[in-house]
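Chains as they are written, first to last, in my numbering: chain C, 1 to 237; chain Z, 1001 to 1237.
Where a beta carbon is used, it is the ideal one built from N, C-alpha and C, also for glycine.
Protein chains: 2
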Amino acid sequence: MNLQAALYLIPTNISEAPFADFFPQGNIEVIREIKHFIVENIRTARRFLKKCDPSIDISQITFYELNGHTDPKDVSSYLQPLRDGNSVGIMSEAGCPGVADPGALPVSIAQKEGLKVIPLCGPSSILMSLMASGMNGQHFAFNGYLPVDIKERERKIRELEQLSIKHDMTQIFIETPYRNSKMMESLLKILRPDTLLCVASEITDPLREKIVTRRVDDWRKEGYEIGKCPAIFLIHG
Amino acid sequence: MNLQAALYLIPTNISEAPFADFFPQGNIEVIREIKHFIVENIRTARRFLKKCDPSIDISQITFYELNGHTDPKDVSSYLQPLRDGNSVGIMSEAGCPGVADPGALPVSIAQKEGLKVIPLCGPSSILMSLMASGMNGQHFAFNGYLPVDIKERERKIRELEQLSIKHDMTQIFIETPYRNSKMMESLLKILRPDTLLCVASEITDPLREKIVTRRVDDWRKEGYEIGKCPAIFLIHG
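1. Roughly how many angstroms lie between the CA atoms of residue 139 of chain C and residue 170 of chain C, to the nearest whole one?
2. Strictly under 8 Å for the Cβ-Cβ distance: is residue 1023 of chain Z near chain C by that measure?
3. Taking only beta carbons into account, state which residues of the region 121-138 of chain C come closer than 8 Å to chain Z, listed in chain order.
4. If I'm right that residue 17 of chain C touches residue 129 of chain C with Cβ under 8 Å, what's the distance once you round it to whole angstroms?
5. Using only alpha-carbon positions, find the residue among C:102, C:62, C:151 and C:123 that is nearest to residue 997 of chain Z.
6. Okay, do the region 1071-1078 of chain Z and the region 1105-1123 of chain Z touch, 3+ Cβ pairs below 8 Å being the bar?
7. Could you check where the alpha helix (DSSP H) with residue 1043 of chain Z kicks off and where it finishes?
8. How about residue 190 of chain C and residue 157 of chain C: do their beta carbons lie closer than 8 Å?
9. For the beta strand (DSSP E) that residue 238 of chain C lies in, which residues bound it at each end?
10. How many angstroms separate the CA atom of residue 49 of chain C from the CA atom of residue 62 of chain C?
11. For a minimum of 4 consecutive residues, which ranges assigned as the alpha helix (DSSP H) are wholly contained in the region 99-168 of chain C?
12. Which term fits residue 54 of chain C, buried or exposed, when burial requires 16 or more other beta carbons within 10 angstroms of its beta carbon?
13. Mind listing the chain Z neighbours of residue 162 of chain C? Cutoff is C-beta to C-beta under 9 Å, in chain order.
14. Answer with yes or no whether the minimum CB distance from residue 147 of chain C to chain Z is below 8 Å.
15. By how many angstroms is the C-alpha of residue 59 of chain C removed from the C-alpha of residue 209 of chain C?
16. Based on the DSSP secondary-structure assignment, which residues constitute the bridge partners of residue 1065 of chain Z?
17. Check whether chain Z comes within 8 Å of residue 140 of chain C, counting only Cβ atoms and requiring the distance to be less than that.
18. Does the count of Cβ pairs from the region 228-236 of chain C and the region 1018-1025 of chain Z closer than 8 Å reach three?
19. Measure the Cβ-Cβ separation of residue 1177 of chain Z and residue 1102 of chain Z and say whether it is below 8 Å.
20. From residue 80 of chain C to residue 1218 of chain Z, what distance separates their C-alpha atoms?
21. DSSP three-state label for residue 1023 of chain Z, please.
22. Does residue 1119 of chain Z have its Cβ less than 8 Å from a Cβ in chain C?
The structure is reproduced here in structure tokens:
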């Protein structure tokens, strides 16, 4: 394969589903040709590459770590191979680089310098939950994490509900797994009975994926069980 | 393959790229088992199925059309096979069903009845352009089409720029191909010189894809050429 030199944005798995169920074969052909990867976590990245193709020789690959500990000043140097004509890949811990994770910085530098950027296709909990929620996909917003402080979170939930009513707009947000139950408590406390709430958990997991949309009133009546698993929440008032 | 009975949301191609470059092999295995499809356009859907697997026997498949001409009252009946225990697929004209197209209605009916909904993975111009723009992927909104009327469109562009500044939020919208040039004119007229504008066109096309982020000032200076091709626009002030 003759790979065009570019910054490739490589989605990674968001569950333990078989690789071929959620990644195009074409991604593997691209990954095989790349020797420089900017990654959120080196161990996870190595494991992902081995899952893509066990014959990949990891010892020939240079990894550049990009996470909360990275000095932003160092990030530009990670793109040096690309300036020299060699492709660089970006992989985040899970999902699509640059979307709800730190990958956007090297991409913005590449764009500023006019370097070629090519996104690959892969699973996204935001997009897949939106499709499956049945909510408005013509107009939606992703809000990342809501505030941890309970009063601020409740205020934010109320604000998002108002926005969704006013603009006929789906509002999407995430929570860290161990706070899922607290989040559900806040949502069922604050939201109006008629508001639709979709809870999507363990997306792409062939056995455990659950994407359920109900009126808040029905969630309250029928109860819910949400474990400490990756989940994403959508509301439409 | 023993397919779980569900409403499957099946992304379709957004360019003429080879199928394996942007679709997981797993999608084909699912598609092969489905005999009922809700589709935006039957001809396009037939072509897509043949592209997935030339051995699929189209004469064995029932199509249900869902587009501007469909009476919403008919849509519920399209889900009857699923109520009877047989999987139904939804495919839009291009991209992900339910996102920026009419697919959300049958999904919302399925959710209301507690029927299982399973999204598959495939290319999305919204998500792929966002990844490659280098703009904020922690907080973003998709706004569909902007108003056609020039004054209203300009007002809307100003409003989206203000929102993106105020909330550090990427604002995304689309335009029909033959109005791309008009849209660029409006954008370069209205936006502030420092605002970042990403124009992403022909996403996933191996030869023609172009995803470029520049300051508005630089777009003005360096000029641009945007044909009558599928494009998506992102701004961050």
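To lay it out plainly:
1. Straight through space, the alpha carbons of residue 170 of chain C and residue 139 of chain C are spaced by roughly 6 Å.
2. True, the Cβ-Cβ gap to chain C drops below 8 Å.
3. Those residues of the region 121-138 of chain C that come within reach of chain Z (Cβ to Cβ, closer than 8 Å) are 121, 122, 123, 124, 126, 127, 128, 129, 130, 131, 132, 133, 134, 135, 136, 137 and 138.
4. Contact between residue 17 of chain C and residue 129 of chain C is absent: CB atoms are separated by about 16 Å, not below the 8 Å threshold.
5. Shown here, chain Z extends from 1001 to 1237; a query on residue 997 of chain Z therefore has no answer.
6. Cβ pair count under 8 Å is three or more, so yes.
7. Element bounds for residue 1043 of chain Z: 1042-1052.
8. With contacts defined by Cβ atoms closer than 8 Å, residue 190 of chain C and residue 157 of chain C form a contacting pair.
9. Outside the shown range of chain C (1 to 237) lies residue 238 of chain C, about which nothing can therefore be said.
10. Near 13 Å, if we compare the C-alpha coordinates of residue 62 of chain C and residue 49 of chain C.
11. Entirely contained in the region 99-168 of chain C, the alpha helix (DSSP H) runs reaching 4 residues are, in chain order, 104-112, 125-133 and 150-167.
12. Exposed, since its Cβ has fewer than 16 Cβ neighbours within 10 Å.
13. Ordered by position in chain Z, no residue passes the 9 Å Cβ test against residue 162 of chain C, which lies about 15 Å from the chain.
14. Output row for residue 147 of chain C: interface = no.
15. The alpha-carbon atoms of residue 209 of chain C and residue 59 of chain C are separated by roughly 35 Å.
16. According to DSSP, which records beta bridges pairwise, residue 1065 of chain Z is partnered with Z:1039.
17. At a cut-off of 8 Å between C-beta atoms, residue 140 of chain C counts as an interface residue with respect to chain Z.
18. Contact fails: fewer than three Cβ-Cβ distances are below 8 Å.
19. Not closer than 8 Å, so no.
20. Going by the C-alpha atoms only, they are around 24 Å apart.
21. Coil.
22. Yes, contact with chain C.
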